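Everything in the sequence shown is counted per the numbering used here, starting at 186 for the first residue and increasing by one.
Each residue gets a CB set at the ideal place from its N, CA and C atoms; glycine is no exception.
All of these numbers come straight from a predicted model, not from anything done at the bench.
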Amino acid sequence: MRRFLRDRGDDDFARELAFRAVESLPPIDGLHVADIGCGPGYYATAMEDLGATVSTVEIDFSELAAATRRPDAATCGDARHLPFRHSAFDAVLCSNMLEHTPDPLDVIDEIGRVLRVGGWAWVSWTNWLSPWGGHAIAPLHYLGAERGLRAYRRILGEPKGKNLPFDGVWPLHITTVLNHLNDHATLNVEAVEPRYYPGLRAIMRVPGVREVVAWNCVIRLRRHDDRPS
Numbered sequence: 186m187r188r189f190l191r192d193r194g195d196d197d198f199a200r201e202l203a204f205r206a207v208e209s210l211p212p213i214d215g216l217h218v219a220d221i222g223c224g225p226g227y228y229a230t231a232m233e234d235l236g237a238t239v240s241t242v243e244i245d246f247s248e249l250a251a252a253t254r255r256p257d258a259a260t261c262g263d264a265r266h267l268p269f270r271h272s273a274f275d276a277v278l279c280s281n282m283l284e285h286t287p288d289p290l291d292v293i294d295e296i297g298r299v300l301r302v303g304g305w306a307w308v309s310w311t312n313w314l315s316p317w318g319g320h321a322i323a324p325l326h327y328l329g330a331e332r333g334l335r336a337y338r339r340i341l342g343e344p345k346g347k348n349l350p351f352d353g354v355w356p357l358h359i360t361t362v363l364n365h366l367n368d369h370a371t372l373n374v375e376a377v378e379p380r381y382y383p384g385l386r387a388i389m390r391v392p393g394v395r396e397v398v399a400w401n402c403v404i405r406l407r408r409h410d411d412r413p414s
């Protein structure tokens, strides 16, 4: 956590964070994995180094262009409408992008669509009510997205960075995602944990507490047979 506060914008920190996340995944050697919202490709690189075949999707071409080692299957596209066929992947990784789309639940549905039956997904995001949930305007996001932005501009001037409320980052709560996944047509929740201290996953069973204390939420999902409508 201390290093997150000190080095979160540093490339070496981003690579280490990616390595640690990939290290926590089930074995991926030989799997075809989709990296959704891949950014500059740190996670894809780490997964390829462990033997996975990785297809990446990123909506911001400048992020793809910044990749030092771009996977062969790199696509500039929208995660709400993934350019892949049904059941195309053994696994999906989606790190810290759900809060950067106005329709995160559509992304989750797309993850369920492109996973094969029995496949798994690792999904993380910065929940809105965590201390860093407001991104560029944190901690004034606790005043609310619009009011917090007005207060930030009045007190501190124009926020730095591109993740402003409703323009790069949207409020997303853990409960919203879990409610969407209840009785989901294609996805089961296998685990919910705070990313930076997974040993304290018990807090994720306490609805109000988890929204504030879990700085970053990880949900591990498994694709099941489609339920009859």
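- When C-alpha distances from Trp317 are compared across Trp400, Tyr228 and Asp288, the shortest belongs to Trp400.
- Judged by DSSP secondary structure, Thr360 falls within the alpha helix (DSSP H) whose first and last residues are Ile359 to Leu366.
- A direct Cα-to-Cα measurement between Gly236 and Leu216 gives close to 8 Å.
- Within the same chain, and ignoring the five residues on either side of Leu357 in sequence, the residues whose Cβ sits closer than 7 Å to its Cβ are Leu283, Glu284, Pro289, Trp310, Asn312 and Trp313.
- Apart from the 5 residues on each side of it in sequence, Glu233 sits with its Cβ closer than 6 Å to the Cβ of Val239 in its chain, given in chain order.
- Using a Cβ distance threshold of 8 Å, Leu363 and Arg408 do not count as a contacting pair.
- When the five nearest sequence neighbours on each side are left out, the beta carbons in the same chain lying within less than 6 Å of the beta carbon of Glu295 are those of Leu267, in order along the chain.
- Ala330 and Val398 have their alpha carbons spaced roughly 19 Å apart.
- DSSP links Gly353 through a beta bridge to Leu349.
- In the DSSP annotation of this structure, the continuous segment of the alpha helix (DSSP H) that includes Thr230 starts and ends at Tyr227 to Asp234.
- Boundaries for Ala399: no beta strand (DSSP E) harbours it, and the DSSP string shows neither H nor E there.
- Judged by DSSP in its simplified three-state form, Leu385 adopts helix.
- Classified as exposed, Ser247 has fewer than 16 neighbouring CB atoms from the shown chains inside 10 Å of its CB.
- Ranking Pro212, Tyr228 and Cys223 by CA distance to the CA of Ala206 puts Tyr228 first.
- Put simply, the backbone Cα of Gly222 is about 33 Å away from that of Ile340.
- Between the alpha carbons of Ile293 and Ala336 lies a distance of about 33 Å.
- Ala276: member of the beta strand (DSSP E) spanning Phe274 to Ser280, first to last residue.
- In the structure shown, the three-state DSSP call for Ser315 is coil.
- By DSSP's assignment, Val394 forms no beta bridge with any residue.
- Ala306 sits close to Leu406, with the two beta carbons spaced by under 8 Å.
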